[in-house]
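Numbering of the sequence shown is given in numbering that gives the first Met the number 0, commencing with residue 0 and proceeding in unit increments. Beta carbons are placed, not taken as given, at the ideal position from N, Cα and C, and that holds for glycine. Just so we're clear, the structure is a prediction, and the values are computed from it rather than from any experiment. Read the structure below first, then the notes.
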Amino acid sequence: MASDGARKQFWKRSNSKLPGSIQHVYGAQHPPFDPLLHGTLPKSTAKMPTTPVKAKRVSTFQEFESNTSDAWDAGEDDDELLAMAAESLNSEVVMETANRVLRNHSQRQGRPTLQEGPELQQKPRPEAEPPSPPSGDLRLVKSVSESHSHTSCPAEELRKLSWSGIPKPVRPMTWKLLSGYLPANVDRRPATLQRKQKEYFAFIEHYYDSRNDEVHQDTYRQIHIDIPRMSPEALILQPKVTEIFERILFIWAIRHPASGYVQGINDLVTPFFVVFICEYIEAEEVDTVDVSGVPAEVLRNIEADTYWCMSKLLDGIQDNYTFAQPGIQMKVKMLEELVSRIDEQVHRHLDQHEVRYLQFAFRWMNNLLMREVPLRCTIRLWDTYQSEPEGFSHFHLYVCAAFLVRWRKEILEEKDFQELLLFLQNLPTAHWGDEDISLLLAEAYRLKFAFADAPNHYKK
C-alpha cells in the first residue's frame with residue numbers, strides 16, 4: 000500500500016521533464032479535482048454541461064459575442080454531406096481493418112494480441128472478410144485529387160479510406176475536409192479559404208494589440224510561458240513559429256471566453272501546423288521542420304488554416320477546458336470504469352497501490368495523448384480521429400483504454416505506488432511508429448464495438 004506521503008508528493012512536485020520525477024497534472028485548473036481531498040469523482044451518469052457559464056451571459060457578453068462570433072454561414076460546409084458521412088461510416092470495413100491489423104501483427108511478432116477481459120471475450124465479433132484498404136491506399140490519393148475537379152469529394156468514401164491512415168501528399172487537403180473547415184463542394188473551396196484567411200487576420204488586426212492590456216495580459220503571459228515548453232523544441236523555438244502560435248492561441252482565447260486559454264490547448268496547434276507546413280517543405284522527420292525558407296504569404300495562410308481547424312476540433316471538446324474542466328473529469332471516470340470491465344486485474348492492481356486514474360489519465364485527456372507518443376504518431380492517430388464520428392471525444396476514450404491495457408505486463412510487475420506512477424507518466428513510446436498506432440487503433444475499435452452500445456457499458 001502507498002503511504003499518504005508518497006501519494007501526496009504527486010500533487011506537490013513540479014512539472015519536471017526529468018524521467019525520475021513524478022509530474023503534476025499538466026493543465027489542471029483550481030486544481031481540477033483532488034481525489035485525496037474529495038474521495039470520489041463525479042458520477043459518470045451525471046449530465047455534464049458542455050458550457051457551464053453559458054446561461055449566465057449578461058448583455059455586455061451578448062454584445063461581445065455578436066461582434067466576435069465564430070459561427071459558420073448556414074450550409075457553407077455542406078453539413079448534410081458530412082453528417083451523412085459520419086452516420087454511414089461502414090463498421091464492417093473498420094472491423095475488417097481492426098481484425099486484419101491485429102492478426103497480421105500477431106503473426107509477425109509471434110505473440111498474442113492485447114489482453115482481453117472476460118467481458119470482452121464473451122462478446123461475439125464478426126470474422127474478418129476481405130482485407131480493408133491499407134494505410135496509404137492509392138484510392139484516397141485519387142479521391143482527394145479528383146476533388147479538385149468540377150465534382151465534389153465523396154465524403155463517405157473519404158472518411159472510410161482515411162480511417163486506416165492518410166498518405167502524406169494529400170493529408171493537408173484531407174484534414175481540411177474532414178475537420179469541416181473546407182466545404183465538400185469543390186467550386187466553393189477557393190472562396191472559402193480566401194474568406195476565412197481574411198477573417199482571421201482581421202481578428203489579428205482588431206484584437207492582438209490588446210494582449211498587453213490589463214484585462215488580457217495574464218492570458219498572454221501564460222501563453223508566452225507555455226509555448227517554449229512545448230515539443231518538438233526544434234520547431235517551436237523558431238521565432239517565426241513562436242509568434243504564429245502566440246497569435247493563434249491568444250485570438251482563440253479571447254474569442255472563447257467561456258474557457259479562455261488553458262494549458263493543453265497549446266499542444267493542439269502543433270499537428271495542424273506541421274501537417275500544413277509539410278505541404279511546402281520536405282522534412283524526413285516532422286520534428287525537424289524548418290520554416291525559414293517558407294515565403295511569408297504561405298506562412299500567413301498556414302497560420303489562418305491552423306487556427307480554423309484547431310477551432311473546429313475544440314468545438315467538440317470545449318467542456319474539457321471550461322471552469323474546473325468537467326469534461327476531463329467525466330472522461331477519466333469513464334476510463335476507470337471501462338478498464339475495470341476490460342481488464343479487472345490491471346484495474347485492481349492500480350487500486351491496491353492507490354494509484355488514481357486522475358494522476359496519469361488527466362494528461363491523456365487534456366493533451367489527447369500528445370505528451371505520451373511522438374508527434375509522428377499523433378499525426379497518424381488524428382487521421383483516424385478525424386475519420387471517426389466524435390473521434391476526439393468519444394473514440395479517444397477507447398484509445399486511452401487500449402493504451403493503458405497495452406502496458407498490462409509492465410504495470411503488473413510494478414509493486415510500488417511511486418514506481419507505478421513514474422512508469423505511467425513516462426511510458427516508453429519514443430520509438431513507436433505507424434504500426435504501433437495502427438495496432439492501438441484496431442484494439443480501440445474492438446473495444447468500442449464491444450462496449451459502446453452495451454446497456455451496462457460502464458457498470459459492473
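Bounds of the alpha helix (DSSP H) holding Gly326 are Pro325 to Ile341.
By the Cβ test, the segment 424-436 is in contact with the segment 365-380, since at least three Cβ pairs between them sit closer than 8 Å.
Ranked by how close their Cα comes to the Cα of Glu387, the residues Asp266, Lys447, Asn211 and Asn319 have Lys447 in first place. Annotation: the segment 346-376 contains the following complete segments of the alpha helix (DSSP H) (minimum length 4 residues), in chain order: 356-365. Between the C-alpha atoms of Arg405 and His215 there is a straight-line separation of about 43 Å. Taken atom to atom, the span from the alpha-carbon of Trp162 to that of His223 is near 35 Å. The alpha-carbon of Glu242 is positioned some 15 Å away from that of Ser230. If you ignore the 5 residues before and after Gly259, its C-beta comes within less than 7 Å of the C-beta of Thr218 and Ala252, all in its own chain and listed in chain order. The segment 307-319 makes no contact with the segment 333-347: fewer than 3 CB pairs, one atom from each, lie closer than 8 Å. The three-state reading of DSSP puts Cys399 in helix, counting H, G and I together.
Annotation: the continuous alpha helix (DSSP H) that includes Thr173 extends over Arg170 to Leu177.
Membership of Cys277 in any alpha helix (DSSP H) is not indicated, and neither H nor E is assigned to it by DSSP.
Within the model, the alpha-carbon separation for Trp381 versus Arg246 is close to 23 Å.
In the structure shown, the three-state DSSP call for Met309 is helix.
If the five residues before and after Ala282 are omitted, its C-beta is found closer than 8 Å to the C-beta atoms of Val288 and Asp289, all from its own chain and listed in chain order. Pairwise C-beta distances place the segment 192-212 in contact with the segment 291-304, as three or more of them are shorter than 8 Å.
When DSSP states are grouped into helix, strand and coil, Asp318 belongs to the helix group. Leu181 is a Cβ neighbour of Arg188, given a cutoff of 8 Å. Using a Cβ distance threshold of 8 Å, Phe416 and Val354 count as a contacting pair.
In terms of Cβ geometry, Ile235 and Leu248 do not form a close pair [threshold 8 Å]. Annotation for Ile203: Arg246 and Ile250 place their beta carbon closer than 7 Å to its own, counting only its chain and skipping 5 residues before and after. Per DSSP, the continuous alpha helix (DSSP H) segment holding Ser437 begins and ends at Asp433 to Phe450.
For Pro189, the enclosing alpha helix (DSSP H) starts and ends at Arg188 to Tyr206. With at least 16 other beta carbons inside 10 angstroms of its own, Ala154 counts as buried. If you check the CB distance, Asn366 and Asn319 do not come in under 8 Å. For Gln221, same chain residues with a beta-carbon under 8 Å away, outside a window of 5 residues either side, are Tyr260 and Gln262 in chain order. In terms of CA proximity to Arg228, Asp266 leads the group Asp266, Phe275 and Leu176. When secondary structure is reduced to three states using DSSP, His393 falls in the helix class.
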